[in-house]
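2 protein chains.
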Amino acid sequence: MVTSTKPPYDVYDANCPARQVLDRLSDKWALLVLDRLRGGPLRFNSLRRSISGVSQKVLSQVLKRLERDGLISRQVFPTVPVSVEYALTSLGGTLTATVELLTHWAETNMAAIEAAQARYDASLALA
Amino acid sequence: MVTSTKPPYDVYDANCPARQVLDRLSDKWALLVLDRLRGGPLRFNSLRRSISGVSQKVLSQVLKRLERDGLISRQVFPTVPVSVEYALTSLGGTLTATVELLTHWAETNMAAIEAAQARYDASLALA
DNA sequence: GACACCTGGTTTCCAATGGAAACCTTGGGC
DNA sequence: GCCCAAGGTTTCCATTGGAAACCAGGTGTC
Numbered sequence: 001m002v003t004s005t006k007p008p009y010d011v012y013d014a015n016c017p018a019r020q021v022l023d024r025l026s027d028k029w030a031l032l033v034l035d036r037l038r039g040g041p042l043r044f045n046s047l048r049r050s051i052s053g054v055s056q057k058v059l060s061q062v063l064k065r066l067e068r069d070g071l072i073s074r075q076v077f078p079t080v081p082v083s084v085e086y087a088l089t090s091l092g093g094t095l096t097a098t099v100e101l102l103t104h105w106a107e108t109n110m111a112a113i114e115a116a117q118a119r120y121d122a123s124l125a126l127a
Numbered sequence: 001m002v003t004s005t006k007p008p009y010d011v012y013d014a015n016c017p018a019r020q021v022l023d024r025l026s027d028k029w030a031l032l033v034l035d036r037l038r039g040g041p042l043r044f045n046s047l048r049r050s051i052s053g054v055s056q057k058v059l060s061q062v063l064k065r066l067e068r069d070g071l072i073s074r075q076v077f078p079t080v081p082v083s084v085e086y087a088l089t090s091l092g093g094t095l096t097a098t099v100e101l102l103t104h105w106a107e108t109n110m111a112a113i114e115a116a117q118a119r120y121d122a123s124l125a126l127a
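Top line first, the protein sequences correspond to chains R and L. Taking full-length UniProt numbering, the leading residue of the first sequence gets 1, the next gets one more, and so forth. Taking full-length UniProt numbering, the leading residue of the second sequence gets 1, the next gets one more, and so forth.
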């Protein structure tokens, strides 16, 4: 069925490394971080403040994973107190366009989603 | 900075409902389910078999959330043993193009990601 | 009638993850 | 000596995830 020029990766196969990537991409904080960095490099705390709700622990974990995946870079400046800048790599840059489409979709279709939820909950209530 | 014609939703604000949507989208199983349904309606067990690694519990939870969000529909057929078909709604259909871009990105850029991981791990090993 | 089997779940149990808050480190300033 | 700031790490507890067992209800089989 899939005999085209596709790469030998199949995200539906649990043993496929592409699934590992999808696991990372499908982390809400990772998506938000990547999108946030589109505007240029950011330091740890300003990144944290700009994404309300993320804890320091989780943010540092997410940043480490993204760095390991080569999607962002981490640069330390020997200022007083040391400052650290995170920036998109070129690989990460190729992702952000797609991520932007996702966040844009979310913002655009919120009203429809909320309406659907209300309908669903109402139908349950009278059941 | 963002003073354009954007809707009054801000995914970076934890209190924004768009974040709830992003939470759902950034669920790896949800992404896989939505993409799988692009080919047409599927029944519970065939969906489960086609996405290796998902448990029954999690799949039914994901399907319930997606149905509540109005992204998929659930139709019961009174066959002998009852069969249940899940299908994309039109709202869900608007998402799948974006989702496809994400999975396609994952499959395309796997090699680069794996190389980055190897580099990262190597640099840690000699530290 | 007792038994096994099908789909489509729910329940149970345990391990892994997430988040809040406290703590640590390095280096000023006062 | 004391406090502060940046960038984390550690601790602790609650929530979530997954494997496997169980359930419902309807059919067929002996």
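The beta carbon of each residue, even a glycine, is placed where N, CA and C say it ideally should be. Keep in mind that this is a model prediction, so the values were computed, not measured.
Within the UniProt domain "HTH hxlR-type" (16 to 114) of chain L, the alpha helix (DSSP H) runs of at least 4 residues that lie entirely inside it are, in chain order, 17 to 25, 28 to 36, 44 to 50 and 56 to 68. In the structure shown, the three-state DSSP call for D10(L) is coil. With its beta carbon at least 8 Å from every one in chain L, G40(R) lies outside the interface. Between the segment 37 to 53 of chain L and the segment 104 to 113 of chain L, the count of C-beta pairs closer than 8 Å stays below three; the two stretches do not touch. The beta carbon of R19(L) sits closer than 6 Å to those of V11, all from its chain and outside the five residues before and after it, given in chain order. In this model, R36(L) and L95(R) are separated by some 22 Å (Cα to Cα). About 10 Å separates the beta carbon of F44(R) from that of V82(R), a gap too long to meet the 8 Å contact definition.
For the pair V62(R) and W29(R), the CB atoms are nearer than the 8 Å cut-off. Cα atoms of G40(R) and A87(R): separation of roughly 7 Å, rounded to the nearest angstrom. The three-state secondary structure of L126(L), taken from DSSP, is coil. By the criterion of a C-beta distance shorter than 6 Å, R38(L) is surrounded in its chain by T96, once the five residues flanking it on both sides are discounted. For chain R, the residues of the segment 96 to 119 of chain L that bring a beta carbon within less than 9 Å of one of its beta carbons are A97, T98, V99, L101, L102, T103, H104, W105, A106, E107, T108, N109, M110, A111, A112, I113, E114, A115, A116, Q117 and R119, in chain order.
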